Amino acid sequence: MQYMNAGKKLSKEEDEQLIEEVKTKFFSKMPKLNVELLSHLDKTELHPVEVEHVENITTFLDSQREYIELLERYNPGISMKQTDKVRKTARRVGLEVPE
0 MQYMNAGKKL SKEEDEQLIE EVKTKFFSKM PKLNVELLSH LDKTELHPVE
50 VEHVENITTF LDSQREYIEL LERYNPGISM KQTDKVRKTA RRVGLEVPE
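If you're matching positions, the sequence shown starts at 0 in numbering that gives the first Met the number 0 and goes up one per residue.
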């Protein structure tokens with residue numbers, strides 16, 4: 000998202016590499032899906048506590064998505080590689096990092 004906001008175009012290889020890095024970094028933290036919950040919610044009538052629980056889950060997931068978007072927006076270097084951070088800092092003070 001930051002690359003798009005900065006107007007930087009990634010090659011197909013760079014894009015695939017970035018996707019793989021994100022997968023390895025974040026997929027290990029993702030919990031396993033519990034399909035039993037979905038089959039339980041498939042009932043025609045839910046108890047009011049169950050309805051409230053589902054609404055809470057929905058609110059939490061929406062809030063998490065918004066939190067991640069805001070985190071990326073206001074901390075643009077948070078998902079950058081160290082080399083990109085150094086290059087960006089050097090440019091800020093008028094220097095270029097040798098390749």
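Note that CB positions come from ideal geometry on N, CA and C, so glycine has one too. All of these numbers come straight from a predicted model, not from anything done at the bench.
_For P30 and V48, the rounded distance between their alpha carbons_ = Here the question's residue 48 lines up with position 49 in the sequence shown. Here the question's residue 30 lines up with position 31 in the sequence shown. So the alpha carbons of these two residues sit roughly 23 Å apart.
*Please say whether E95 and A89 have beta carbons closer to each other than 8 Å?*
Taking the sequence shown and counting its residues from 1, the one referred to as residue 89 is at position 90. Taking the sequence shown and counting its residues from 1, the one referred to as residue 95 is at position 96. A contact, by the Cβ cut-off of 8 Å.
*asked:* Since I77 and E68 should fall inside the 8 Å C-beta cutoff, what is the C-beta to C-beta distance between them, to a whole number of angstroms?
replied: Numbered from 1 along the sequence shown, position 78 holds the residue referred to as residue 77. Numbered from 1 along the sequence shown, position 69 holds the residue referred to as residue 68. Incorrect: roughly 12 Å between the Cβ atoms, too far for contact.
*asked:* Do L37 and V53 have their beta-carbon atoms positioned less than 8 Å apart in this structure?
replied: Start at 1 with the first residue of the sequence shown, and residue 53 comes out as number 54. Start at 1 with the first residue of the sequence shown, and residue 37 comes out as number 38. Contact: no.
*Going straight from the alpha carbon of N74 to that of T43, what length do you get?*
As a first step, residue 74 is located in the sequence shown; it is residue number 75 there, counting from the start. As a first step, residue 43 is located in the sequence shown; it is residue number 44 there, counting from the start. Taking the straight line joining both Cα atoms gives about 44 Å.
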